[in-house]
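Under the working numbering, the first residue of the sequence shown carries the number 5, and numbering increases by one thereafter. Beta carbons: idealized from backbone N, C-alpha and C, even for Gly.
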Amino acid sequence: MTKKVSNLFILLFFTYYFSFAQLENQFTEDFNNNNRQWSVSDNKDIKTKVENGFYVMQHKRKSLSYNFWRNFAIDADNDFYVEASLKQVAGIDNWGYGIVWGAAGWDNSYNFTISSNGMFTVTGHDKEEYFEWQAWKESKKIKPLGQINILAIKKTGDLLYFYINNSLVYTHKFKRLYGNKIGFIVGRSMTVKADFLKVKYQRVKINLVKNINPKYKKKNLGTKINSKYSEIAPIISPDGNTLYVGRQHDPQNYGEKKEYDIWYATRNKDDSWGKMKHMGKPINNAGDNLVIAVSPDGNTLWLEGLYSQNGGYVSDQGISVSNRTATGWSVPKKVVIEKFYNKNEYESYCPTIDRKVLIMSLERDDTYGQKDLYVSFRLPNGNYSQPFNMGTDINTFFNEGTPFIAPDNKTLYFYSYGHPGYGSADIFVTKRLDNSWRKWSKPKNLGPTINSSDWDTYYSIAAKGDFAYLVSTKGSFGNEDVQEIKMSEDARPDPVVLIYGRVYNKKTKKPIGVDIVYENIKTGAKVGTARSNPRTGTYKIILPFGKEYGFRAEANDYVAINEQVDLRKISKYKELKQNLYLIPIETGQVINLQSVQFKRSKTEFTETSYTELNRLVKLMKKYPKMEIELAGHTDSRGKPNLLMALSQKRVAAVKNYLVKHGVSSRRITGIGYGGTKPLATGTDDQEIKNRRVEFKIVKI
């Protein structure tokens, strides 16, 4: 009998040993120092210190429990093992202390707890609701006050095993983890010493972006941007010249609690940042106020939260939009998302640069983890569709949040606790693979120059894509701080072009505030809209590479001069200046149909001409009494008589198109001028400007 027992013991020992010998990663905290920054504090509730190889935790209160933890990047789909050596050295013996694991916070956590009078329990909180897997139960394996107890939790397959001093005391089916915090729980009126904490788990390879430049380091933006208070949610304007930040508890903030208000800073000519300024009302109120996006022209702000008609606080959940007016910012108006709900206390949002798509971090019925990323599409009525889960390419069994879609409308940055990383929330990048917005490349970790074992979240980049702005607690002045880092090439989005200028009334030469429309010139599909500054007429738009675009200002009682740009061969970021003009609809005004082009020496339209021709048809139908005179022009290269004939045929081609699409021929006259009225001479590109068709309003 003795021999059989010995063999059984050996079998169990080697099964146990080899099971965990295969867990390749092992973290051991021996508390010989505090390099991992465990909480050290002395206040009315707790006193903690790292001393003589122990983490000493004193809970002074006479109620509840207190948690002390760090973050561990465990893949809970695989096996893991947690072990701690704990000793209660003072206090009551009928209250618990032990291990807390799989926690996102006290309100979402699991606890394995013992008491010095010989009892243990396995409990937790789910969204603040307390639950018990194992009610308090006696165990003779527990050693009394003043002696060491070794607690262990082992996950194998879909089961959890709980050990006290190497003896199995409880088994339970594995449930998804709320987060990756692991540490200690200490009950009321007691002092506990931790000798060590061990975490073993299968090594998960971190999928890093390629060619990370180790010279690029996070840089705290200093006291002009950061303070002793908390700064979060940095949003850089697309032109890179304005930085918006949420700051908490500043005396200038509104409301009794001084919750997050929006502050901003502008870039100086020497590239340094000016001092932060409070945005005031109606953007800020007594609630939490954060910017989630800025339009390229800087004239529209997307804001987290809902506002009343006078700018007061309504709710932290939801989003609103404010527009710049001649007298300041408008009262933010609600953006409607159909069938919207969020079961989590927190959420985050990001619209695409063209505002056609909205990405958000929510907890809903079909969430895989605690919060997932969802996508919603702009509807014809201006609302956004019901949110759709973006799938397991992006979402994990943990938390995903603070999405930022780059100006290329393809590159997405977000934080995740679930994808392999360095400990806490890490920032990842992924590329959209199709137009469903639910197929993405495998997310890549931005690497150790950006991510750390601390809380690294939020991520914002300007159109140029060279620098990123993010939040980290590491090296901060107080709590969270805004930091800047130069981006490695492989972490950058695809190139875009920022087009800027002013909108003028061509007749009066005065700037005006109007809508800007940009479209795919080949298909005529609208890509997006913007608005020029109502006082200065300035505008900015961002266009992704790979296509030809047309863009123009639009307003009632004006005809737009359409501009176009070919971005099919662009390989890096560019900025282009182009003023836009609106011509009042008046007798005698001449409008150049710049996008109407012909194949060389022919009367056939190029495929990019039809969008402009269709706008002219629409204009003629909107003003049924309007009569126009077409004027055809060619370049000056060729025989004058042939050029004259060609220009007349091109006028006829435009007239025929208008008539074919419902405009009376009696309202259209025309004449060809050949190459007698050039706009430019010289290179081939300059001569292209001469091959044009204009129309003059002769009656309105």
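Original post:
For Glu693, does the three-state DSSP call read helix, strand or coil?
Top reply: Rather than Glu, the amino acid found at residue 693 in this sequence is Lys. Residue state for Lys693 is assigned as coil, using DSSP reduced to three classes.
Original post:
Which residue from Phe549, Lys337, Glu698 puts its Cα closest to that of Gly316?
Top reply: Lys337 is the residue among Phe549, Lys337, Glu698 whose C-alpha sits nearest the C-alpha of Gly316.
**OP:** Report the three-state DSSP secondary structure of Tyr345 (helix, strand or coil).
**Re:** The answer is coil: DSSP assigns Tyr345 none of H, G, I, E or B.
Subject >> Backbone secondary structure at Leu383 - three-state DSSP >> reply: For Leu383, the three-state secondary structure derived from DSSP is coil.
Subject >> Own chain residues within Cβ distance below 8 Å of Ala684, not counting five before or after >> reply: Cβ neighbours of Ala684 beyond the five flanking positions: Gln690, Glu691, Lys693, Asn694.
Original post:
How big is the Cα-Cα spacing for Asn537 and Asp519?
Top reply: Annotation: Asn537 to Asp519 spans about 10 Å, alpha carbon to alpha carbon.
Original post:
Given that a residue counts as buried once 16 or more other Cβ atoms are within 10 Å of its Cβ, and exposed if not, what is Tyr59?
Top reply: Classification for Tyr59: buried.
Original post:
Which value, in whole angstroms, describes the spacing of the CA atoms of Ile595 and Lys223?
Top reply: Rounded to whole angstroms, Ile595 to Lys223 spans 52 Å at the Cα level.
Subject >> Start-end ranges of the beta strand (DSSP E) lying completely within the region 101-164, minimum 3 residues >> reply: Runs of the beta strand (DSSP E) inside the region 101-164: 112-119, 123-130, 133-142, 152-160.
Original post:
What is the rounded straight-line gap between the Cα of Leu584 and the Cα of Val563?
Top reply: Taking the straight line from one Cα to the other gives about 11 Å.
**OP:** Using three-state DSSP, classify Leu634 as helix, strand or coil.
**Re:** Here DSSP, grouped into helix, strand and coil, assigns Leu634 to strand.
Original post:
Taking the alpha-carbon positions, what's the Asn413 to Thr356 distance?
Top reply: In this model, Asn413 and Thr356 are separated by some 6 Å (Cα to Cα).
Subject >> Candidates Arg436, Pro548, Gly517, of which the one nearest Asn560 by Cα >> reply: Ranking Arg436, Pro548, Gly517 by CA distance to the CA of Asn560 puts Gly517 first.
**OP:** Go ahead and pull the three-state DSSP assignment for Asp265.
**Re:** Secondary structure of Asp265 (DSSP, three-state): strand.
**OP:** Just the C-alpha distance for Pro588 and Ile574, rounded to the nearest angstrom, thanks.
**Re:** Each residue's alpha carbon lies about 35 Å from the other.
Original post:
Which residue comes first and which comes last in the beta strand (DSSP E) that contains Tyr353?
Top reply: Note, Tyr353: beta strand (DSSP E), 352-355.
Original post:
Taking all protein chains shown into account, do 16 or more other C-beta atoms lie within 10 angstroms of the C-beta of Phe135, making it buried, or fewer, making it exposed?
Top reply: Burial check for Phe135: the Cβ neighbour count within 10 Å stays below 16, so the residue is exposed.
Subject >> Enclosing alpha helix (DSSP H) for Val663 [first to last residue] >> reply: Here the alpha helix (DSSP H) through Val663 covers 644-664.
Original post:
Thinking C-alpha only, which one of Val86, Gln593, Ile296 is nearest Gln206?
Top reply: Put simply, of Val86, Gln593, Ile296 the residue whose alpha carbon is nearest the alpha carbon of Gln206 is Val86.
Original post:
When we look at the beta-carbon of Val340 and count the other beta-carbons within 10 Å, is it buried (16 or more) or exposed?
Top reply: Counting Cβ neighbours within 10 Å, Val340 comes out exposed, since fewer than 16 surround it.
**OP:** Return helix, strand or coil for Val621, following the three-state DSSP convention.
**Re:** Helix.
Original post:
Based on Cα-Cα distance, which residue from Thr304, Tyr345, Met364, Val361 lies nearest to Val1?
Top reply: With the chain covering only 5 through 704, there is no way to say anything about residue 1.
**OP:** Specify the secondary structure class of Asn303 as computed by DSSP and reduced to three states.
**Re:** Assigned with DSSP and collapsed to three states, Asn303 falls in coil, not helix or strand.
Original post:
Where does Ala472 sit, in a helix, a strand or coil, going by DSSP?
Top reply: DSSP places Ala472 within a strand segment (E or B) once states are collapsed to three.
Original post:
Should Glu675 be labelled buried (16 or more other beta-carbon atoms within 10 Å of its own) or exposed?
Top reply: Strictly speaking, residue 675 in this sequence is Ile, with Glu absent from that position. Residue environment: Ile675 is assigned as exposed (fewer than 16 neighbouring CB atoms within 10 Å of its CB, all protein chains considered).
Original post:
Taking the Cβ atom as the reference point for each residue, do Gly244 and Lys468 lie within a distance shorter than 8 Å?
Top reply: Against a cut-off of 8 Å, the Cβ pair of Lys468 and Gly244 comes out as a contact.
Original post:
To the nearest angstrom, how far is it from the Cα of His176 to the Cα of Leu163?
Top reply: Between His176 and Leu163, the C-alpha separation is close to 6 Å.
Subject >> Nearest-angstrom Cα separation, counted from Leu437 out to Asp494 >> reply: When rounded, the distance between both Cα atoms is 17 Å.
Original post:
Pairing CB atoms from the region 627-642 with CB atoms from the region 568-582, are three or more of them under 8 Å?
Top reply: Counting Cβ pairs under 8 Å, fewer than three are found: no touch.
Original post:
With 16 other CB atoms within 10 Å as the buried threshold, where does Ala139 fall?
Top reply: So Ala139 ends up on the exposed side.
Subject >> Residue interval of the beta strand (DSSP E) (run including Gly187) >> reply: That run of the beta strand (DSSP E) goes 185-191.
Subject >> DSSP three-state assignment for Asp430, whether helix, strand or coil >> reply: It is a strand residue.
**OP:** Assign Arg670 to one of three DSSP states: helix, strand, or coil.
**Re:** Looking at Arg670 - three-state DSSP - the assignment turns out to be helix.
**OP:** Report yes if the C-beta distance between Ile431 and Tyr388 is below 8 Å; otherwise report no.
**Re:** No; because the gap between Cβ atoms is not below 8 Å, this pair is not in contact.
**OP:** Below 8 Å CB to CB, which residues in the same chain sit around Gln568 once its five sequence neighbours on both sides are set aside?
**Re:** Only Ile525, Glu552, Tyr553, Gly554, Phe555, Gln598, Ser599, Thr612 meet the Cβ criterion.
Original post:
Which runs of the beta strand (DSSP E) fall wholly inside the region 360-407 and span at least 3 residues, in chain order?
Top reply: Correct list: 361-366, 376-381.
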